[in-house]
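Report on one structure; see the data block that follows.
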Amino acid sequence: MLYQVSHAYKSFGTDTVFEDCQFEIKGTEKIALVGRNGSGKTTFLKCICHEEKFDKAKVSLQGDTTIGYLAQKALTNDTETVEQALKAVFAPVFKLADEMRDMEKQMETDSSEKLLTRYARAQEKFENLNGYNWEAEMLTVFTRFGFTEQDINRHVGEFSGGQKTRIAFVRLLLSKPDILLLDEPTNHLDLDTIEWLEGYVRSYPRAVVIVSHDRMFLDHTAEIVYDLEYGHMTRYTGNYTSFIVQKKNNLERQQAAFRRQQKDIARLEQLIEKFRYKASKAAFAQSKIKYLERMEKLDPVKGADTRTFHAHFSPRIKGGERVLEVENLTIGYDKPLCTIEHLEIRRGQRLAIIGPNGTGKSTLIKTWMGLLSPLAGSFMFGHQIEKGYFDQQLAQFVNGRTVLEELWEDNPDLDRTQIRSVLGQFLFSADDVFKNVEVLSGGEKVRLSLAKLLLKHNNVLLLDEPTNHLDIPGKEALEEALHDFTGTILFVSHDRYFIQQLSTDLLLLEEGRATYIPESYAAYEDRQKESLEKQKEEKKDKERKSNSPAVREAPARSVQGIRREISKIEKQITDKERELEANRELRYEPEYYQDYQKMQVLDEHIDDIHNELAHLYARWEELNS
């Protein structure tokens with residue numbers, strides 16, 4: 003058991019966040035912590051890593067277990083370079099390298115077995131820490147998150163908030179804690195990076211705890227799910243989809259058990275009432291009264307917290323069949339980001355615009371909305387097309403206005419009752435409508451933006467990351483609302499589940515060009531996986547052929563021929579083993595242990611010999627079987 007907490011309690015003032023929670027982390031478990039916005043998930047993570055404190059709890063942490071936390075806030079020291087920020091995690095590597103250099107100097111005058119043994123142990127630990135390749139590892143992970151090698155020399159303060167978050171993420175991954183806590187790790191990541199991160203998390207050799215509203219990410223990574231609901235926590239085995247099924251079944255069983263008990267209680271109470279005043283049955287009635295008193299009463303079962311908004315987007319007019327035509331359109335700011343040679347959108351299509359960060363997805367939406375001018379080419383919307391826009395920056399609100407005023411100013415023809423009815427659909431009730439827009443949470447701002455969009459009754463919706471800040475029930479509500487929309491939707495999203503549920507076709511932006519893909523995201527993803535698997539298989543075949551120590555001469559070979567090959571391989575094995583020992587001895591030569599670069603080359607050569615020996619032994623076993 004790496005970590006265990008029992009009877010955990012946390013409150014803020016009079017508001018209880020969670021109570022009597024049990025939570026544990028074992029071995030290399032990949033755990034998802036799920037729940038509604040505001041249920042206390044982030045608070046619980048902060049308590050685990052000691053950024054917050056449990057009000058009450060019994061906590062057990064194994065030995066010197068290290069905990070790493072990816073907070074939703076970015077780096078704070080703007081004056082240091084990215085390289086300085088990332089190199090800090092390799093401090094144990096650098097310390098060990100210094101110790102090894104000290105030992106190497108001692109070895110010039112001291113060749114004792116004790117010192118050589120110390121050095122060998124230190125070297126083994128250095129290799130386990132990836133000491134010879136730390137720089138390559140740092141650059142690999144850094145560039146995988148959409149940065150260039152040159153970016154590593156820039157100051158942290160030169161990057162945007164989202165970029166700082168990604169840099170903080172890189173630093174956390176490189177530190178390799180025993181327990182990795184990830185709070186909304188897919189925020190600000192493009193689809194390719196999210197998929198890479200999935201693989202990284204699955205193969206991470208230690209424990210991971212994830213808070214995320216990305217359903218597909220949880221499906222692909224989690225093997226344990228903790229559900230935080232109504233202040234209590236429940237553990238489920240399996241991924242997110244499995245958890246949903248189990249939770250539904252558990253709820254149905256609990257409700258059925260409660261109903262059965264209520265029937266039993268009612269029946270017993272009737273019997274007691276019927277016989278308690280009859281002398282011949284008084285003892286019987288008393289026994290039933292005592293039985294009821296002893297009975298452990300089940301509490302009424304709360305249903306799953308599925309409170310969410312309800313919306314019905316309906317176009318004012320149908321609009322023309324031809325919605326949008328694009329010809330040689332180049333978009334960008336100071337320089338071109340992407341060119342779309344030709345694109346035609348028809349009524350009813352739901353086009354998902356996908357691609358890596360920085361390829362121009364949001365820029366394309368803004369260009370089509372007329373907020374940016376194209377750099378070249380043209381586009382034209384069809385007859386009676388009325389466009390509605392969702393801005394991921396949520397910058398369309400006027401500070402100083404209340405929620406009620408913000409909606410009413412856009413729709414002055416509606417009366418107060420109508421406005422409040424719409425706001426109620428989006429969970430703004432009672433005094434919530436008098437909140438100033440600047441104090442709203444991200445999720446509340448999304449809901450207010452959607453309410454404004456709904457009242458416009460557009461027949462074409464241009465949506466830029468509409469699921470940002472929404473919890474899972476909110477995403478599901480939006481999916482349902484947009485599924486029923488009879489108009490056309492052009493949208494940008496990094497939420498693969500949302501794309502899969504909604505899109506009819508795709509527009510992929512990458513490397514300065516756009517590719518129209520007339521199929522669903524699920525079909526596209528399957529095709530990508532097949533292509534990748536094929537490439538991997540081809541690569542393996544190539545490696546097998548190139549690494550094979552001997553080529554079969556013919557399908558049928560003589561016993562004598564096989565014996566000759568066995569003898570040849572045995573000689574090769576002997577020679578390679580001698581070469582291996584000779585190279586190992588070189589590690590203790592001053593020419594090598596005093597020269598870091600030479601030692602690195604030597605270690606790589608030793609690894610190559612190990613690989614060659616492995617192939618030779620495999621072939622030898624094959625021939626002798």
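With my numbering as the guide, the letters of the sequence shown map in order to residues 3 to 627. Glycine included, C-beta positions come from ideal geometry on N, C-alpha and C. Note that the coordinates shown come from a computational prediction; the quantities given were computed from them, not determined experimentally.
Please report how far the alpha carbon of GLN351 lies from the alpha carbon of HIS344, in whole angstroms.
16 Å
For SER330, does the three-state DSSP call read helix, strand or coil?
The amino acid at residue 330 is misidentified as Ser; the sequence shows Asn. Three-state DSSP puts ASN330 in a strand.
Cut-off 8 Å between Cβ atoms - residues of its own chain near ARG1, not counting five sequence neighbours on either side
There is no way to answer for residue 1, as the model of the chain reaches only from 3 to 627.
With a cut-off of 8 Å on the beta carbons, I'd call ALA124 and GLU101 a contact; round off their distance for me.
6 Å
Check the DSSP bridge columns for ASN438 and list the partner residues they point to.
THR404
For LEU452, does the count of other Cβ atoms within 10 angstroms reach 16, so buried, or fall short, so exposed?
buried
Identify, in the order they occur along the chain, each residue of the same chain with its Cβ nearer than 6 Å to the Cβ of GLN248, setting aside the five sequence neighbours on each side.
TYR238
Residues near TRP136 by beta carbon distance below 8 Å, same chain, minus five either side
PHE92, VAL95
Of the residues GLY476, ILE274, GLN86, PHE315, which one's Cα is nearest the Cα of LEU294?
ILE274
Coil, strand or helix - THR195 by DSSP:
helix
Secondary structure of LEU510, DSSP reduced to three states
strand
Please determine, among LYS573, LYS43, ASN79, PHE20, the residue with the shortest C-alpha to C-alpha distance to TYR232.
PHE20
Which of helix, strand or coil DSSP assigns to PHE315:
coil
Whole angstroms is fine: what's the gap from PRO414's alpha carbon to VAL424's?
14 Å
Span separating the alpha-carbon of GLY362 from that of ASN330:
15 Å
What does VAL303 pair with, by DSSP beta-bridge criteria?
Paired residues: none, contrary to the question.
6 Å Cβ shell around LEU326 - same chain, five flanking residues per side excluded
ILE347, PHE383
For ALA224, which residues in the same chain have their Cβ closer than 7 Å to its Cβ, ignoring the five residues on either side in sequence?
LYS32, ILE33, ALA34, ILE212, ASN241, TYR242
Can you tell me which of the three DSSP states THR83 falls into?
strand
Here's the rule: buried if 16 or more other CB atoms are within 10 angstroms of the residue's CB, otherwise exposed. What is LYS276?
exposed
Is THR369 near PRO358, with beta carbons less than 8 Å apart?
no
ALA620, DSSP secondary structure in three states:
helix
Hey, could you find the ends of the alpha helix (DSSP H) THR111 is sitting in?
THR111 -> no alpha helix (DSSP H), and no H or E assigned at all.
LYS630 and ASP57: beta carbons closer than 8 Å?
There is no way to answer for residue 630, as the model of the chain reaches only from 3 to 627.
Exposure label - ASN460; buried when at least 16 CB within 10 Å:
buried
Element boundaries [alpha helix (DSSP H), containing PRO475]:
474-485
What is the DSSP secondary structure of ARG515, reduced to helix, strand or coil?
strand
When you compare the CB positions of GLY1 and LEU191, do they come within less than 8 Å of one another, or not?
It is not possible to answer for residue 1, since the shown part of the chain is limited to 3 through 627.
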